[in-house]
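Numbering (the working numbering), first residue to last: 69 to 150. Ideal Cβ positions, reconstructed from N, Cα and C, are used throughout, including at glycine. To keep things clear, I will list the structure first and then write my remarks on it.
Below is the structure:
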């Protein structure tokens with residue numbers, strides 16, 4: 069879903085491999101997008117959250133990683149909102 073320059077991906081039920089494929093595809097299609105909001109949850113474990121923060125924290129197309137308020141989402145900031 070795209071709203072105001074933010075793409076939201078719901079990754080509930082995905083394996084880390086499936087989530088990585090979906091995130092990489094979203095990054096490739098991210099023209100005009102300021103951030104990717106990744107909803108991964110945390111009640112079922114932290115494998116997705118940990119993979120996202122480790123892999124995309126050092127990704128060339130990501131300026132920074134921001135943590136959501138409830139711990140169940142992570143934002144990948146791709147460019148500054150101007």
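**Request:** Answer with buried or exposed for residue 114, where buried requires no fewer than 16 other C-beta atoms within 10 angstroms of its C-beta.
**Result:** Residue 114 should be labelled exposed.
**Prompt:** Who does residue 106 pair with in a DSSP beta bridge?
**Reply:** Beta-bridge pairing links residue 106 to 77, 142.
**Request:** Look up residue 96 in the DSSP assignment and say whether it is helix, strand or coil.
**Result:** Reduced to three states, the DSSP call for residue 96 is helix.
**Prompt:** What is the rounded straight-line gap between the Cα of residue 74 and the Cα of residue 112?
**Reply:** Per the coordinates, the alpha-carbon of residue 74 lies some 25 Å from the alpha-carbon of residue 112.
**Message:** Starting from residue 132, trace the beta strand (DSSP E) in both directions and tell me its first and last residue.
**Reply:** The continuous beta strand (DSSP E) containing residue 132 extends over residues 132 to 135.
**Prompt:** According to the neighbour-count rule (16 or more other Cβ atoms, all chains shown, within 10 Å of its Cβ), is residue 141 buried or exposed?
**Reply:** Here residue 141 is buried. Its C-beta has 16 or more other C-beta atoms within 10 Å.
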